[in-house]
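Chemist: In UniProt numbering, the protein residues as written are 1 to 393. Glycine included, C-beta positions come from ideal geometry on N, C-alpha and C.
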């Protein structure tokens, strides 16, 4: 391994925290910069797919996460009428294959507790706003005017709504979806062993994701334009509408007593043509944010962290490692980016014809063995690209 390098990781989310730990464990001098004074999880439940599980296994924390997770053997989508749209059963790919519903806080806290086990410098309440280049290395500037560095390389992982992409000279094309999700997490054991989705065309979508520890996340899709109206309206009619849509939501809805418990999340899709220069690289949602309809965001971030650390071990310089990482990830990320972008309107959009087409095609596709296998590889996070088979972390 070349180095050790002086590394700045900006952003203490899943991608940034995992990367900081891995690089410090490899002997690099790591500084983790986070703008929030008291970092914590933002968001609801997540799907931990097979790809993400493998990274956590190699980090040595998979069992700790799974102790507070719900095992999921299938993804079950049904129509409001009760008929099945599709059932994707993980063991049909491999008998040991499972997904897990995990509260984002469980994953975040598990990774964040790894940081003190390594000699790395964590600087919270430090909002990076600028870049200063010199012959001695890369410096970053915080909002108060402080300088941090010099660094041999900088990893940017400040999330899908990154401000630093532009600050560091990277151009992004951002598509904001017209639909988002109203969600809440609370106690419920009404759904077990699966992620349940209920659809009416492509205009209404409800999901119930078990999380472990007796918790469940409920998400209720709605157009962004309707969010303020829904939040300003009365709670009980909304709860009645959701109960009628999916009676399994009743237990969780009994926990909801105020609209302030309901949080709204909008989605966006980010394309970044150039994800690195000679000293700086973008990873995680900063580089490839997607809608959550394939449940891959956290898993792609973990794979990014693992593979970037591996490339820095194997290559003679940061620039060479970035190029190797880009080659390694290109087809994998392109596949999930394109498929997620194309799939999302079939589940949430204002185009009824897409719902009709989905309802015709989706139940038929798994009847073809090869197609079914590709679908299973895709949902488990293990499809290596359009013309590639199973990906190994």
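1) Pick from 157, 75, 130: whose alpha carbon is nearest that of residue 298?
2) On a Cα-Cα basis, can you pick out the residue from 260, 225, 219 that is closest to residue 242?
3) Beta-carbon within less than 6 Å of residue 75's beta-carbon, same chain only, minus the 5 sequence neighbours each way: which residues are those?
4) Are there three or more Cβ pairs, one per stretch, closer than 8 Å when the stretch 192-210 is compared with the stretch 234-252?
5) Any idea what DSSP makes of residue 283, helix, strand or coil?
6) Ordered along the chain, which non-local residues of its own chain (more than five positions away) have a Cβ less than 8 Å from that of residue 235?
7) So who's on the other strand from residue 6, going by DSSP bridges?
8) Under a Cβ-count criterion, where at least 16 other Cβ atoms within 10 Å of its own Cβ denotes burial, should residue 358 be classed as buried or exposed?
9) By DSSP, does residue 108 sit in helix, in strand, or in coil?
10) Once the 5 residues before and after residue 66 are set aside, which same chain residues still bring their CB inside 7 Å of it?
11) Less than 8 Å between the C-beta atoms of residue 199 and residue 301, yes or no?
12) Whose C-alpha, out of 21, 161, 368, is nearest the C-alpha of residue 117?
13) Using a Cβ-Cβ cutoff of less than 8 Å, which residues in the same chain neighbour residue 92 once the five nearest sequence positions on both sides are dropped?
14) Let's see if you can read the secondary structure: which residues bound the alpha helix (DSSP H) around residue 12?
15) Drop a sphere of 10 angstroms on the beta-carbon of residue 281, count the other beta-carbons inside from all chains shown, and report buried for 16 or more, exposed for fewer.
16) Tell me the residue span of the alpha helix (DSSP H) that contains residue 336.
17) Between which residues of its own chain and residue 266 is the CB-CB distance below 6 Å, once the five residues before and five after are set aside?
18) Do the stretch 346-360 and the stretch 33-48 make contact, defined as three or more Cβ pairs closer than 8 Å?
19) Does DSSP put residue 234 in a helix, a strand or coil?
20) Is residue 48 closer than 8 Å to residue 69 when the C-beta atoms are compared?
21) Kindly identify the DSSP beta-bridge partner or partners of residue 181.
22) Could you give the distance in angstroms between the alpha-carbon of residue 289 and the alpha-carbon of residue 189?
23) Grab the span of the alpha helix (DSSP H) containing residue 51 for me, first residue to last.
24) Assign residue 183 to one of two classes, buried (16 or more other C-beta atoms within 10 Å of its C-beta) or exposed (fewer than that).
25) Whether or not the stretch 269-288 and the stretch 168-176 are in contact is what I'm after, with contact meaning three or more pairs of Cβ atoms, one per stretch, closer than 8 Å; do they touch?
26) Could you check how far apart the C-beta atoms of residue 321 and residue 140 are, in whole angstroms? I think they sit under 8 Å.
27) Could you check if residue 345 is buried or exposed, using at least 16 other CB atoms within 10 Å of its CB as the buried criterion?
Modeler: The structure says:
1) 157
2) 219
3) 88, 195
4) yes
5) coil
6) 256, 257, 258, 259
7) 29
8) buried
9) helix
10) 100
11) no
12) 21
13) 372, 376
14) Where residue 12 is concerned, there is no enclosing alpha helix (DSSP H), given that its DSSP letter is neither H nor E.
15) buried
16) 318-343
17) 180, 224
18) no
19) coil
20) yes
21) 221, 265
22) 31 Å
23) 50-59
24) buried
25) yes
26) That pair is no contact at about 19 Å.
27) buried
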